[in-house]
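Each remark here refers to the structure printed beneath this line.
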Amino acid sequence: MEQKLNAKGNPGHPGMHALNTVHQPSQHRSDGGDPAGLEGSENGHESRRDIGDILQQIMTITDQSLDEAQAKKHALNCHRMKPALFSVLCEIKEKTGLSMRNAQEEEPQDPQLVRLDNMLLAEGVAGPEKGGGAAAAVSAATSSGGMSPDSSLEHSDYKSKLSQIRSIYHTELEKYEQACTEFTTHVMNLLREQSRTRPVTPREIERMVAIIHRKFSSIQTQLKQSTCEAVMILRSRFLDARRKRRNFSKQATEVLNEYFYSHLSNPYPSEEAKEELAKQCGITISQVSNWFGNKRIRYKKNISKFQEEANLYAMKTALGARQGDDSPHTPNSTGTICKRRCCGFHFSVTQSSLHPVCVGNLISCTSELTVEAQVSEVHKGCSHTRAVAPRPIAPEACILELV
DNA sequence: CCAGATGATTCCTC
DNA sequence: GAGGAATCATCTGG
């Protein structure tokens, strides 16, 4: 307000000439109020006329050509009343709360953005380039077992794709940051420029910058979201690849089958046995469990289909036992198994159903014998016949049957 | 290409 | 939590 008093009566003011050239009749002059507090003096009248002129010019500024407007703008900027008017405008703005528009306090950081940031960091897209996510994914794959040698190829493929995503992400982020900075600078310059003709406080400029950042932040969120999606898709593909079923090696299947058929009465390996089998087959314990689960159910569903296989493994085991070479994969294939087997199965004279020792007997027995005779012959020297006795032997059912 | 084999997964029960 | 059953998805051999 002090400026208003200083601004009175200065015909030599550089702006006056310009103003006078566009001088309009002061029909809007006095409305009875005295906003400048100058009523009752010559200077007061002059000031009011000046204010009226200025307001009139402001009101008509949009109707004029750009050159004309620029000229008037310059004139206004240089007018001796400008500081006083400006100060009044500032005061009114403060009082009416206009300056508080959009003055919400700083929002806390967007939780979604935080989540995305964390995810990108965990996946090795953001942050230092160390391939943390890839390493994590690979380690997860390795720990789940069953990683074939060519998984390293998948790994490198994953890494290269991840690095592509990373590079695109950083390029786009850089572009975004650059655009944001440029736009912010531009707006700040505009506001600073405008602050010469209208009341724009530094705080308002800060707020405007915050608004711009918020708007740009949504773009950044989209970028991060897209990147996350890309990484998730890549990761799921990689994990799918990891899930790819690969048949066990022949040797592994052999080991598992040997155990299965030599423990047919109780094909449920203990934890220790599973561990041992897993070690021998180069697979995981859970894969051993899966294999036995599948085998049991499939065997039970179609025993006849597995008869051949059962015969083969029984023979193998028998030969091994005959040579006094107990299979290392069937550490318990001694007489105790025989007893369990006798309790668990209907015996027939087919070798598949027999204890290894008895299979040896079968080889030397003749097919002309009756079933009873064969059983008797086959189980010569062992307790199987006695164990089998409570169960009826069905000659046509030359299969093992789980109780 | 297709049917069957097979390893893995999911859901359910005990 | 282990195992049974059903199912999926992939592999394999003809």
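Quick note: the first sequence uses the numbering used here, first residue 1, plus one each step. In this text, a Cβ means the ideal position worked out from N, Cα and C, and glycines have one as well. Remember, it's a predicted structure, so these values are computed and weren't measured experimentally.
Check: Straight-line gap, ILE285 to TYR261 (C-alpha atoms, nearest Å); Outcome: 19 Å
Check: Check: ARG203 C-beta below 7 Å from any heavy atom of the ligand FAD; Outcome: Ligands displayed in this structure: none; no statement on the ligand FAD is therefore possible.
Check: 7 Å Cβ shell around LEU120 - same chain, five flanking residues per side excluded; Outcome: ALA126, LYS224, THR227, CYS228
Check: ILE168 versus GLU309, VAL231, GLU182, residue with shortest Cα-Cα distance; Outcome: VAL231
Check: Boundaries of the alpha helix (DSSP H) in which GLN251 is found, first to last residue; Outcome: 250-262
Check: Through-space distance from CYS90 to GLY81, alpha-carbon basis; Outcome: In the sequence as displayed, the identity of residue 81 is Met instead of Gly. Between MET81 and CYS90, the C-alpha separation is close to 14 Å.
Check: Which of helix, strand or coil DSSP assigns to ARG196; Outcome: coil
Check: DSSP-derived helix/strand/coil call for ILE205; Outcome: helix
Check: THR350 versus MET315: straight-line alpha-carbon distance, rounded; Outcome: Here the model assigns THR350 a pLDDT of 37, short of 50, so the residue's position is not dependable, and the following value carries that caveat. Roughly 11 Å separates the two Cα atoms.
Check: The alpha helix (DSSP H) enclosing SER286, as first and last residue numbers; Outcome: 285-301
Check: Separation of GLU193 from ASN118, as counted between CA atoms; Outcome: 40 Å
Check: Nearest neighbour of THR184, chosen from PRO111, ILE211, ARG196 [CA to CA]; Outcome: ILE211
Check: Best match in ASP67, LEU66, LEU76 for proximity to ARG196 [C-alpha to C-alpha]; Outcome: LEU76
Check: Contact under 8 Å by Cβ, SER289 with LYS301; Outcome: no
Check: Span separating the alpha-carbon of PHE292 from that of ALA278; Outcome: 12 Å
Check: Three-way DSSP call (helix, strand, coil) for GLU123 in this model; Outcome: coil
Check: For ASP110, three-class secondary structure by DSSP; Outcome: coil
Check: PRO199 and LYS93 closer than 8 Å at C-beta; Outcome: yes
Check: As assigned by DSSP and simplified to three states, the class of ALA389; Outcome: Residue placement at ALA389 is flagged as unreliable, the pLDDT there being 27, under the threshold of 50; the coordinate-derived value follows with that caveat. Here ALA389 sits in coil by DSSP.
Check: Beta-carbon proximity of TYR299 to GLU258, cut-off 8 Å; Outcome: no
Check: Where SER160 sits in the DSSP three-state scheme; Outcome: helix
Check: For ARG166, the three-state DSSP class (helix, strand or coil); Outcome: helix
Check: Beta-carbon spacing of THR221, ASP63 below 8 Å; Outcome: no
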